[in-house]
Amino acid sequence: MKSLKLLTQNSMFIIGGLISLFLAYITGTGTILDYIHFADPLNEMGFFMATASMGGMLLYCGFSKS
Numbered sequence: 009m010k011s012l013k014l015l016t017q018n019s020m021f022i023i024g025g026l027i028s029l030f031l032a033y034i035t036g037t038g039t040i041l042d043y044i045h046f047a048d049p050l051n052e053m054g055f056f057m058a059t060a061s062m063g064g065m066l067l068y069c070g071f072s073k074s
C-alpha cells in the first residue's frame, strides 16, 4: 500500500521521464525535424543527449524508494 502511495506521489516524475524519452526517440529517428529545425547537427545531438539523460534521471527519481 505504501508503495502505491509513493508511486502516485512520484507520477509526475514518471510522466515527465516518459515524455523526455519520447522526445529523445523522435530526435534519434529524425522525426522531430518536421517540427523543430536545428541550426547544426551538433545542436540536434546535444538536444538528444539532454532529453535522454533527463528522461533516465526522471524515471530513476520516479521509481526510487525514498
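In my numbering, the protein residues as written are 9 to 74. Note that beta-carbon positions come from the ideal geometry of N, C-alpha and C, so glycine has one too.
Considering only the beta carbon of each residue, do Tyr29 and Gly63 sit closer than 8 Å? Note that residue 29 is Leu in the sequence shown here, rather than Tyr. Taking the C-beta atoms as reference points, Gly63 is found nearer than 8 Å to Leu29.
With a CB to CB cut of under 6 Å and the five nearest residues on each side skipped, what residues in its chain are close to Leu31? Thr59
Sub-8 Å separation of Leu67 and Gly25 beta-carbons: yes
C-alpha distance - Lys15 paired with Ser72, whole-angstrom precision: According to the sequence as given, residue 15 is Leu; it is not Lys. As the crow flies, the alpha-carbon of Leu15 is around 9 Å from that of Ser72.
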